[in-house]
Amino acid sequence: MNHQTRPMSPLVFVYNADSGRVNAWLDIGHKLLRPDSYTCDLCLLTHGVFRERAAWKAWREQNERPLEFLHRDEFEARFGKCGYAFPVVLSVQADGGFEVLLSAAQIGEFSNLDALIRHLPSTSPVVPDDRLT
58 MNHQTRPMSP LVFVYNADSG RVNAWLDIGH KLLRPDSYTC DLCLLTHGVF
108 RERAAWKAWR EQNERPLEFL HRDEFEARFG KCGYAFPVVL SVQADGGFEV
158 LLSAAQIGEF SNLDALIRHL PSTSPVVPDD RLT
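The numbers in the sequence shown follow the working numbering, run straight up by one, and end at 190.
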């Protein structure tokens, strides 16, 4: 049987925060002083106040799927204003477009990092797809 493999779609995680050192310090202050009003649920799930959560780092490092992490301003600088509510997790499609895998509302429903990880696509290696033969 002739097996062809289908590559895994890259995932793009877009945080509802802007890049840069000043913004990072403002985010830290916001997380410390008013965590209930912080507007990036993806940030809260994947990062503590000062650094990336160990479980998230482990998931990210063992993942075989291509991953990209962008701040809101970085995403819009590269792709323009696409109308997404941030944060968002996107899958890159064959035509270069995006499919929303997890919307801001869905991400906001997760109570912890494990819930987020359970809702992300499998991280297993590429599997044979006989339909491509």
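Quick reminder that beta carbons are idealized off the backbone N, C-alpha and C, glycines included.
- According to the DSSP assignment, Glu133 belongs to no beta strand (DSSP E) but to the alpha helix (DSSP H) extending over Arg129 to Phe136.
- Contact check for Tyr72 against Cys100 passes: the beta carbons are separated by less than 9 Å.
- Looking at the DSSP output, Phe70 bridges to Phe126 and Val146.
- DSSP, read as helix, strand or coil, puts Glu156 in strand.
- For the options His104, Thr103 and Glu131, the alpha carbon positioned closest to that of Ser76 is the one of Glu131.
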